[in-house]
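Asker: To start, I am sharing the structure in question, which I have written as structure tokens.
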Amino acid sequence: MPVQDSACLQEKHFMELFITIVLIIHVVAGFAALGVGLGAILSKKGQRVHKLTGRAFFYFMLIIAGSAAIISIVKLNEFLLLIAGFAAYQNIGGYRSVKNKQLKPNWIDWSATVLGLVTSVFMIVSFNIVLLVFGCICFSLVVLDLRTYYAVFSGKQIPKLAWLARHIGFMMGAYIATFTAFVVVNVRNVEPAWIPWLAPTVVGVPLMQYWTWKYTRRKNVKVMAVNDK
6 MPVQDSACLQ
16 EKHFMELFIT
26 IVLIIHVVAG
36 FAALGVGLGA
46 ILSKKGQRVH
56 KLTGRAFFYF
66 MLIIAGSAAI
76 ISIVKLNEFL
86 LLIAGFAAYQ
96 NIGGYRSVKN
106 KQLKPNWIDW
116 SATVLGLVTS
126 VFMIVSFNIV
136 LLVFGCICFS
146 LVVLDLRTYY
156 AVFSGKQIPK
166 LAWLARHIGF
176 MMGAYIATFT
186 AFVVVNVRNV
196 EPAWIPWLAP
206 TVVGVPLMQY
216 WTWKYTRRKN
226 VKVMAVNDK
């Protein structure tokens with residue numbers, strides 16, 4: 006066998022092994038995220054269990070998004086890459102809402118918002134029914150982010166619990182994305198094919214809105230100046 010052919014074969018085997026390892030990491034992180042994410046949802050908010058499971062969910066989601074991005078680039082799968090970008094944007098945004106309750110953006114927040122904007126645009130122009138729906142949702146979140154950031158830098162007032170509403174919405178969105186992947190992999194031979202992709206969103210979004218209302222409703226909710234420390 007020529008040396009060049011042998012080198013190409015070795016490279017092919019290496020890439021196959023690499024992708025297999027990344028895929029295993031992706032799957033393990035996915036199951037872990039489903040478990041700890043459910044724990045965060047069911048646990049009492051603000052308590053130690055919720056914080057620990059929520060933090061674990063955040064890091065598992067980073068692994069999921071990162072591994073999905075690697076696989077999509079190697080396999081030239083634009084669909085998977087955009088889904089990974091959407092999930093990463095929500096995951097980072099939801100986590101940052103707790104760390105930055107005044108919602109004053111730093112470079113991490115801006116980077117996440119840019120990621121969300123780019124992802125939403127490519128999703129929408131794809132004209133794929135699934136990506137189109139997710140793209141519109143993603144774009145609406147980006148617009149909401151930009152409006153909030155504008156209010157911050159303008160010294161305007163935002164609802165006192167805006168950070169909590171954003172945290173719930175974004176983290177639930179990230180969990181829905183993970184659960185959607187689980188459904189798509191395990192529920193097959195369903196027509197039309199987009200049902201497994203959109204069903205978790207149809208069910209999850211109303212629940213997310215209910216929880217947002219439940220945990221942010223207050224009588225005579227006060228507003229705070231976003232520039233106050």
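For any residue, its number in this note's numbering is found by taking its place in the sequence shown, counting from 1, and adding 5. Note that CB positions come from ideal geometry on N, CA and C, so glycine has one too.
For G51, does the count of other Cβ atoms within 10 angstroms reach 16, so buried, or fall short, so exposed?
Answerer: What you label residue 51 is simply residue 46 of the sequence shown in a count that begins at 1. Exposed, since its Cβ has fewer than 16 Cβ neighbours within 10 Å.
Asker: Give me the Cβ distance between A179 and N96, rounded to the nearest whole Å; I'm assuming they're in contact under 8 Å.
Answerer: For this step, residue 179 is matched to residue 174 along the sequence shown. For this step, residue 96 is matched to residue 91 along the sequence shown. About 4 Å; that satisfies the 8 Å criterion.
Asker: Can you give the beta carbon distance from A186 to G35, rounded, assuming they're within the 8 Å contact cut?
Answerer: On the sequence shown, position 181 is the one that residue 186 refers to. On the sequence shown, position 30 is the one that residue 35 refers to. That pair is a contact at about 6 Å.
Asker: Within this structure, are the beta carbons of T221 and G174 separated by less than 8 Å?
Answerer: As a working mapping, residue 221 is identified with position 216 in the sequence shown. As a working mapping, residue 174 is identified with position 169 in the sequence shown. It is not a contact, given that the beta carbons lie outside the stated cut-off.
Asker: State whether the region 54-62 contacts the region 190-208, with contact taken as three or more CB pairs (one from each stretch) at a distance under 8 Å.
Answerer: no
Asker: Quick one: which unbroken alpha helix (DSSP H) runs of 4-plus residues sit fully inside the region 176-206? Chain order, please.
Answerer: Counting only runs of 4 or more, we get nothing.
Asker: With a CB to CB cut of under 7 Å and the five nearest residues on each side skipped, what residues in its chain are close to T58?
Answerer: For the purposes of this step, residue 58 is identified with residue 53 of the sequence shown, where counting begins at 1. Hits under 7 Å: V41, G44, A45 and S48.
Asker: Taking 8 Å as the threshold (C-beta atoms), are L85 and A274 in contact?
Answerer: The structure shown does not extend to residue 274, since the chain spans only 6 to 234, so no value can be given for it.
Asker: Could you spell out where the beta strand (DSSP E) holding Q162 opens and where it closes?
Answerer: One-based indexing of the sequence shown puts residue 162 at position 157. Here the beta strand (DSSP E) through Q162 covers Q162 to P164.
Asker: Within the present structure, is the beta-carbon of N191 separated from the nearest heavy atom of the ligand FAD by less than 7 Å?
Answerer: Inclusion of the ligand FAD in the displayed structure is not the case, the ligand content being empty and no account of it being possible.
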